[in-house]
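See below for the structure under consideration.
Numbering (the working numbering), first residue to last: 7 to 148.
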């Protein structure tokens, strides 16, 4: 939950009215949901799958659970992007910052091409003027 809280804090303090919808709006509720979905419901099955693969253990329960939950989460994410450029409204928000990591994990696992809306969303994020700058900074400080 701290990544979402940090993202929210930085946007509130330094965003100058950008990257988050106005509080009290329906879009703000969606924004909050996606901001925290990334580090809770979305990431858990992906991490479980990675842990099982790295460990090498053939744990039927965990692997099966991770696969089923990943399919649900990514299908939900994909369906919510239907006809949209971004998750909330028509502008980039902190929700997109947070969910971009989920897209990256799915892409690195070779599964992105199965989800047409996620492919378009990934292309939209990568075409943003500051996307590559952010990646360069991440590589520098990682």
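Using N, Cα and C, we set each Cβ at its ideal position, and we do this for glycine too.
Because the structure is a prediction, the values reported are computed rather than measured.
If the five residues before and after residue 84 are omitted, its C-beta is found closer than 6 angstroms to the C-beta atoms of 121, 123 and 124, all from its own chain and listed in chain order.
By the neighbour-count definition (other C-beta atoms within 10 Å, threshold 16), residue 45 is a buried residue. Residue range 49 to 61 is occupied by the alpha helix (DSSP H) that includes residue 59. For residue 23, the secondary structure class from DSSP, reduced to helix, strand or coil, is coil.
Between residue 12 and residue 52, the C-beta spacing is not below 7 angstroms. Look at the beta carbons and you see the region 12 to 28 not touching the region 59 to 73: under three pairs across the two are nearer than 8 angstroms.
Annotated three-state conformation of residue 136 is coil, per DSSP. Shown here for residue 91: same chain residues with a beta carbon closer than 6 angstroms to its own, the five before and five after excluded, namely 130 in chain order. DSSP, reduced to helix, strand and coil, places residue 13 within a helical segment of the structure shown. Under the 10 Å beta carbon count, residue 35 is surrounded by fewer than 16 other beta carbons and is classified as exposed. Assignment of residue 103 by DSSP, reduced to helix, strand and coil, places it in the helix class.
Spanning the alpha carbons of residue 10 and residue 99 requires a straight line of approximately 12 angstroms. Nearest in C-alpha terms to residue 25, of all of 141, 95 and 114, is 95.
For the 7 angstroms CB-CB criterion, residue 118 and residue 40 do not form a contact.
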